[in-house]
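Peer 1: Can you keep this structure in mind? I'll have questions shortly.
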Amino acid sequence: MYVSKADLKEWFSFLIDNVWLRLGFVLARQTIGIPMGTNCAVFIANFFLWMCEFDWIRRHLSRGNQSVVRKFQYTKRYIDDIISANNRDFMKYAVFDGIHFDDGSPAGIYPRFLTLNLEQSGIAVSFLDLFIYFSKRTRNIEITLYSKSRDPKFAKVPFNKYTHILSKIQLKCKINVVISETLRYARICTEKHSFVTHVAHLICKLLDKGHKLSRLYTTLRCVAIHLTLTLHLYGYSKPHFLVLDVKERARTMRKHAFRWKLHLRPFARYIKPPVPPVPPVPPVPALAH
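Shown next as structure tokens:
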């Protein structure tokens, strides 16, 4: 499908100029920014930022500044989240007209009207579902899973993940969470201890939702067989040894249920106790006078 530049500009202008919101009896039109609820908002924002970055790279390469571009090899962006590692010049080039070339033309990346907020910095930061840190034990940069449910900043926010066994979703879809999440952990976690801990916590959470422990470990064993190459990186010679470590870690977590936010009585919160039947009232004998 071919879309001309004129058609794209017309569609985009119509989208921006015709966003109406209703709050009670008040009808208002959005005049600032891109409507977040529309289907193409994410793609428009991503494409706009990519054009800023591509133009910046092209301007520097045309002037022979390969060393400047090379400093951004560990700077990554996902939609509106940016992580920059080992790059002291990121903020120097962040604003489009914040720095200039010798001929006076702008040498920065993003327009000034886009505000960049520094969320974290140091040797341990979170980015999306990754927690990146420097390990003193291995003397390397390690990665583990980041979850808001375990972040102290969100301690008062209730989190309810995974489907309960009594829900109307197909059983195969419920148990497939073990497969998808274990594969995700294997891609993210670089240390064995971290990988086993997250898998064991997943097993305990699903046990909290009423799943059978035997079925969970059977599914995990099937996943481990297909993760043979990855498990070798964690030091496992056979998939069976991973299941044994997960069982031991899950047993330890259940002993400290409050620390790991486990309930241990999965059905008590979802199933009401049966009401005992009311015994029939015996008839009152009639008195004859």
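57 is the number of the first residue of the sequence shown in the working numbering; add one for each residue after it.
Glycine included, every Cβ here is placed at the ideal spot set by N, Cα and C.
Note that the coordinates shown come from a computational prediction; the quantities given were computed from them, not determined experimentally.
1) What is the DSSP secondary structure of residue 323, reduced to helix, strand or coil?
2) Secondary structure at residue 218, three-state DSSP: helix, strand or coil?
3) Can you name the residues that DSSP bridges to residue 34?
4) Given a cut-off of 8 Å, decide if residue 298 and residue 287 are closer than it, judged by their beta-carbon atoms.
5) Tell me, to the nearest whole angstrom, how far the beta carbon of residue 230 is from that of residue 219; I am working on the premise that it is less than 8 Å.
6) Mark residue 335 as exposed unless 16 or more other C-beta atoms lie within 10 angstroms of its C-beta, in which case mark it buried.
7) If you follow the beta strand (DSSP E) that residue 244 is in, where does it begin and where does it stop?
8) How close, in whole Å, do the beta carbons of residue 150 and residue 172 come, if the pair is a contact with beta carbons under 8 Å?
9) Using 10 angstroms around the beta-carbon of residue 58, count the other beta-carbons present and answer buried if the total reaches 16, otherwise exposed.
10) From which residue to which residue does the beta strand (DSSP E) around residue 77 run?
11) If we ignore side chains and look at the alpha-carbon of each, how far apart do residue 143 and residue 120 end up?
12) Once you ignore the five residues that flank residue 102 on each side, which residues in its own chain have a CB closer than 7 Å to its CB?
13) I'd like to check one pair, residue 266 with residue 222: are the Cβ atoms closer than 8 Å?
14) With distances taken between CB atoms, is the gap from residue 165 to residue 152 smaller than 8 Å?
15) Tell me the DSSP secondary structure of residue 182 in three-state form.
16) Thinking just about the alpha-carbon of each residue, which of 83, 307, 79 and 99 is nearest to the one in residue 68?
17) Return helix, strand or coil for residue 115, following the three-state DSSP convention.
18) Please state the DSSP three-state secondary structure of residue 149.
19) Measuring only the C-alpha atoms, how far is residue 262 from residue 224?
20) Give me, in chain order, the residues of the same chain whose beta-carbon lies closer than 7 Å to that of residue 179; leave out the 5 immediate sequence neighbours on both sides.
21) Under 8 Å by Cβ, that's how I've got residue 145 and residue 127 pegged, so tell me the actual separation to the nearest angstrom.
22) On the premise that residue 210 lies in contact with residue 217, defined as a C-beta separation below 8 Å, what is that separation, rounded to the nearest angstrom?
23) Could you pull out every residue in the same chain whose Cβ sits closer than 6 Å to the Cβ of residue 250, ignoring the five residues on either side in sequence?
24) Just mark residue 264 as buried or exposed, buried being the case when its beta carbon has 16 or more other beta carbons within 10 Å.
25) In whole angstroms, what is the alpha-carbon distance linking residue 226 and residue 234?
26) Expressed to the nearest angstrom, what Euclidean distance is found between the alpha-carbon atoms of residue 270 and residue 293?
27) When DSSP builds the beta bridges, which residues end up paired with residue 62?
28) Helix, strand or coil: which one does DSSP assign to residue 127?
Peer 2: Result, derived from the coordinates:
1) With a pLDDT of 44 at residue 323, under the threshold of 50, the modelled position of that residue is not reliable, and no figure is offered here.
2) Of the three classes helix, strand and coil, the one that applies to residue 218 here is coil, per DSSP.
3) The shown model of the chain, from 57 to 345, leaves out residue 34, and the question about it has no answer.
4) One thing to note: residue 287 has its Cβ within 8 Å of the Cβ of residue 298.
5) At roughly 5 Å, the Cβ-Cβ gap stays under 8 Å, so residue 230 and residue 219 are in contact.
6) So residue 335 counts as exposed.
7) Per DSSP, residue 244 belongs to no beta strand (DSSP E); it is in the alpha helix (DSSP H), 227-244.
8) About 6 Å separates the Cβ atoms of residue 150 and residue 172, confirming a contact at the 8 Å cut-off.
9) Burial call: exposed.
10) Run containing residue 77: 76-79, per the beta strand (DSSP E) assignment.
11) Computed Cα separation, rounded: 19 Å.
12) Result list for residue 102: 135, in chain order.
13) In this structure, residue 266 lies closer than 8 Å to residue 222 by Cβ.
14) With respect to residue 152, residue 165 sits close: the two C-beta atoms are nearer than 8 Å.
15) Residue 182 falls in the strand class under three-state DSSP.
16) Checking every option, the nearest Cα to that of residue 68 belongs to 99.
17) The answer is helix: DSSP assigns residue 115 an H, G or I state.
18) Helix.
19) C-alpha separation (whole angstroms): 16 Å.
20) Cβ neighbours of residue 179 beyond the five flanking positions: 189 and 190.
21) A Cβ-Cβ distance of about 5 Å is found for the pair residue 145 and residue 127, placing them in contact under the 8 Å criterion.
22) At roughly 13 Å, the Cβ-Cβ gap does not stay under 8 Å, so residue 217 and residue 210 are not in contact.
23) 200, listed in sequence order.
24) Under this definition residue 264 is a buried residue.
25) Rounded to the nearest angstrom, the two C-alpha atoms are 15 Å apart.
26) Computed Cα separation, rounded: 23 Å.
27) Per DSSP, none; premise fails for residue 62.
28) Three-state result, residue 127: coil.
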